[in-house]
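To start, the structure under review is shown below, and the notes come after it.
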Amino acid sequence: MAAANKLASIVAKINQLPEFARPKALSLFFGKAVPFTGTTGIRIEALDQERCVISLKNKRRVQNHIKGVHAVASLLLAESATGFLVGLNVPDDKVPVIKTAHAEYTRRAKGDMKVEAYLTAEQRERMLTEEKGETSVPVTIHDSEGQQPIEIEMIWAWTPKRR
1 MAAANKLASI VAKINQLPEF ARPKALSLFF GKAVPFTGTT GIRIEALDQE
51 RCVISLKNKR RVQNHIKGVH AVASLLLAES ATGFLVGLNV PDDKVPVIKT
101 AHAEYTRRAK GDMKVEAYLT AEQRERMLTE EKGETSVPVT IHDSEGQQPI
151 EIEMIWAWTP KRR
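Take 1 as the starting number for the sequence shown in the numbering used here and just add one per residue.
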């Protein structure tokens, strides 16, 4: 599928870099484009129009009082992964907006965190063809033990840009 927008075109060019250089280039680009994400130390491991993988090291600046990744930092991972993915798929005449973030913290997270988000072909097609709409973007978060300490649902909407 051709790039849906300018953002997707930039990411497609970054994805032509050698594999070892892509995470750093993607992370730097999004750190500049979305300044808050650049302050947290998230690393974009992989990103295309169907899938996004982001990781976060369990360093002091993102820890809670029990030395785990703070709950809000884990929510930021999910919001960022799903948002980058939706942002790559909505045309330039539409704006993506987070509508709902629901998190169930099911166990204590241990160590680093990794999040993966996906869009189906049907979801991507709807973003291209429907003037406005919403969709739940599948996302999973795993800690360094491979456990899923948080169950998250992220619902994104898209609407026409106001002129």
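Where is the CB? At the ideal position from N, CA and C, for every residue including glycine.
For residue i, the three-state DSSP class (helix, strand or coil)
i	result
Arg60	helix
Glu79	helix
Lys67	coil
Pro35	helix
Leu47	strand
Gly133	strand
Lys99	strand
Ile42	coil
Ile10	helix
Ser144	coil
Val90	coil
Pro149	coil
Beta-carbon proximity check, residue i vs residue j, cutoff 8 Å
i	j	result
Ser74	Ala109	yes
Ile164	Ser27	The structure shown does not extend to residue 164, since the chain is modelled only from 1 to 163, so the question has no answer here.
Glu134	Lys99	yes
Val137	Trp156	yes
Ala81	Val139	yes
Lys24	Gly41	no
Ile150	Ala121	no
Leu47	Phe84	yes
Asp92	Lys32	no
Glu79	Met154	yes
Contact test: residue i Cβ vs the ligand FAD heavy atom, cutoff 7 Å
i	result
Thr159	Among the ligands in the structure shown, none appear at all, so the ligand FAD cannot be discussed.
Residue environment, residue i, which counts as buried when at least 16 other CB atoms sit within 10 Å
i	result
Gly68	buried
Thr39	exposed
Val62	buried
Leu88	buried
Whole alpha helix (DSSP H) elements within the segment 101 to 131, 4-residue minimum
121 to 129
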